[in-house]
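2 protein chains.
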Amino acid sequence: MTQHLFVTQGNDDIPRWREAFPQARVCRPAQARAQAGHGDHVWVMSNVDDWGVLAANLSRRNAIVAVLSYTPDSEEALQALACGARGYAHALASPEMLRQVQLVIANQGIWVLPELMAKVVGSTFRALGGESRVQEETLSALTQRERAVALSVAAGNSNKVVARELDITERTVKAHLGAVFRKLQVRDRMQLILMLSKQPIAAMDGGE
Amino acid sequence: MTQHLFVTQGNDDIPRWREAFPQARVCRPAQARAQAGHGDHVWVMSNVDDWGVLAANLSRRNAIVAVLSYTPDSEEALQALACGARGYAHALASPEMLRQVQLVIANQGIWVLPELMAKVVGSTFRALGGESRVQEETLSALTQRERAVALSVAAGNSNKVVARELDITERTVKAHLGAVFRKLQVRDRMQLILMLSKQPIAAMDGGE
DNA sequence: TCCCACCCTGTCCTTCGGTCCAATATTCGG
DNA sequence: CCGAATATTGGACCGAAGGACAGGGTGGGA
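Protein sequence lines, in the order shown, are assigned to chains G and E. Residue numbering for the first sequence is 0 to 207, as defined by numbering that gives the first Met the number 0. Residue numbering for the second sequence is 0 to 207, as defined by numbering that gives the first Met the number 0.
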């Protein structure tokens with residue numbers, strides 16, 4: 000029968016855990032190490048000493064591990080995932096959210112705090128140096144002028160600054176930008192930044 | 000009402016999809032681009048032209064995107080995730096598995112082929128190393144609420160959307176955001192996005 | 001108890017961003 | 001020569017963004 004364990008060290012107050020999983024048991028790291036096995040669900044607090052090692056051990060034994068943190072950050076999230084944990088959430092998340100996490104990881108999914116997700120995933124691809132032609136493809140759909148405007152805007156410049164840079168009117172910048180939005184199918188400059196920020200701009204030719 | 004779309008280009012045979020999601024509709028990329036929006040579930044075949052761009056657009060519109068491939072590999076999986084897809088599976092996966100994927104991603108999880116999972120997660124952590132530590136440090140200067148606002152804004156959301164997300168008024172969002180700007184010493188949300196997505200966008204204008 | 005940090009909200013105001021309606025000049029291919 | 005695409009600018013309009021005020025509430029520490 001599958002167990003459901005909460006691993007903690009101090010005497011953390013865990014009303015939400017209790018509420019989310021009434022059938023779960025609270026235990027110490029040592030007990031979890033000894034008892035948990037295949038199919039068991041184990042929640043590990045990130046304030047436990049060597050929680051990473053513990054998570055790695057448990058997940059290696061095919062336990063389903065989620066890490067909970069009072070101070071979630073993307074680095075810790077990545078570490079948790081690297082240690083085999085399949086979930087990473089705030090320790091004080093609502094019972095509904097905890098159950099959602101449980102549902103996801105029980106179905107072979109990964110669950111990470113939504114706010115961290117973008118960074119965890121987003122930075123991955125860049126760091127890997129993966130070549131995505133997304134950028135060049137999208138940019139190649141633009142005219143030279145539109146491209147220049149788009150890149151300047153993506154660098155965080157205001158329309159006014161772009162206008163000065165390219166020595167045109169702010170009005171013209173808006174016109175080009177409108178075309179860029181249409182062609183790249185984005186709503187506003189923020190989405191443009193996010194789209195262009197997905198990849199480092201490798202070799203931008205000044206035109207061709 | 001949330002739609003359920005399959006995006007494909009050729010006339011792929013999709014008996015398993017049909018079986019898994021009888022209520023789903025098959026459509027072309029253009030249709031998906033036009034119709035899909037918030038909360039919709041969209042399955043994109045990786046043999047579609049510019050599937051990455053499509054996935055990025057859809058996920059940016061808060062659609063729930065999964066990518067299906069006839070020849071899954073970790074590289075493509077990473078690309079899919081980088082484009083905002085939350086699921087990556089084999090196109091010929093069993094209906095049960097497809098439904099599992101759907102269940103997971105509908106609950107804010109991410110689902111990647113188990114065989115690829117280790118590779119994806121592993122390479123992520125290694126590649127990141129200590130790089131994204133800067134952000135954590137800068138973010139740690141913020142209060143919980145400010146951080147939540149900052150991250151949401153950095154994800155490209157408008158103040159209105161952030162307000163809805165956090166269940167506060169738009170005014171409060173502005174207040175927090177003002178504090179964020181002060182603490183991180185940035186002028187506006189554009190600079191914030193650039194800081195948090197820490198991208199070496201060489202601000203080169205294609206200028207002549 | 002008082003102070004301070006945090007969280008939430010309000011109004012007024014200015015600037016910026018984006019889209020709608022135009023118009024004009026140039027270049028380039030059929 | 002004629003249309004199509006590109007580059008440029010104008011004006012009007014409206015919503016979003018952000019600062020300058022001015023409060024309200026909580027909880028913890030001196």
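Heads up, the beta-carbon is just placed ideally off N, CA and C, and yes, glycines get one too. Quantities reported herein were computed from a predicted structural model and do not represent experimental measurements.
Endpoints, the alpha helix (DSSP H) within which residue i is located
i        : result
G/Arg98  : Pro94 to Ala105
G/Ser157 : It is not in any alpha helix (DSSP H) - G/Ser157 carries neither H nor E in the DSSP assignment.
G/Leu150 : Gln143 to Ala153
Proximal residues to residue i (C-beta, below 7 Å), its chain only, five neighbours per side dropped
i        : result
E/Ala19  : Pro94, Leu97 and Arg98
E/Lys173 : Asn158
G/Arg144 : His175
G/Val161 : Val148, Ser151, Val152 and Val172
E/Glu75  : Ser45 and Ser68
E/Val100 : Ala65, Gly86, Ala88 and Trp110
E/Glu130 : Since pLDDT at E/Glu130 reaches only 44, below the 50 mark, its modelled position is unreliable, and the value read off the structure follows with that caveat. No residues qualify anywhere along the chain.
Beta bridge counterpart(s) of residue i as assigned by DSSP
i        : result
G/His175 : DSSP output for G/His175 lists no bridge partner at all.
G/Leu195 : DSSP, once it has assigned bridges, lists no residue as partnering G/Leu195.
G/Ile13  : Answer by DSSP bridge pairing: none, since G/Ile13 is not bridged.
E/Val111 : E/Tyr87
Whole-number beta carbon distance between residue j and residue i, since they are thought to touch under 8 Å
i        : j        : result
G/Gly51  : G/Gln34  : That pair is no contact at about 19 Å.
G/Trp53  : G/Arg24  : Here residue 53 of chain G is Leu; the residue named in the question, Trp, does not match the sequence. Actually they are not in contact, since the Cβ atoms of G/Leu53 and G/Arg24 sit about 16 Å apart, beyond 8 Å.
G/Pro28  : G/Gln2   : Not quite, the Cβ-Cβ distance comes to about 15 Å (not below 8 Å), so this is no contact.
E/Val64  : E/Val41  : 5 Å
E/Val6   : E/Ala31  : 5 Å
E/Asn106 : G/Val152 : Wrong, their Cβ atoms sit about 36 Å apart, outside the cutoff.
E/Ile192 : G/Leu193 : 7 Å
G/Ser45  : G/Ser73  : 13 Å between Cβ atoms; not a contact.
G/Gln190 : E/Gly155 : 5 Å
Bounding residues of the beta strand (DSSP E) (the contiguous stretch that carries residue i)
i       : result
G/Val25 : Arg24 to Cys26
E/Leu4  : His3 to Val6
Same chain only: Cβ atoms within 6 Å of residue i, ignoring 5 sequence neighbours per side
i        : result
E/Ala140 : Lys182
G/Leu195 : Ala153
G/Pro71  : His89 and Leu112
G/Asn61  : His37
G/Ala178 : Glu145
G/Arg188 : Val152
Same chain, Cβ closer than 8 Å to residue i, five either side skipped, listed in chain order
i       : result
G/Arg15 : Leu91, Ala92, Ser93, Pro94 and Leu97
Which residue spans inside the segment 28-101 of chain E form an unbroken beta strand (DSSP E) run of at least 3?
-> DSSP runs (the beta strand (DSSP E)) wholly in the segment 28-101 of chain E: 40-44, 63-68 and 86-89.
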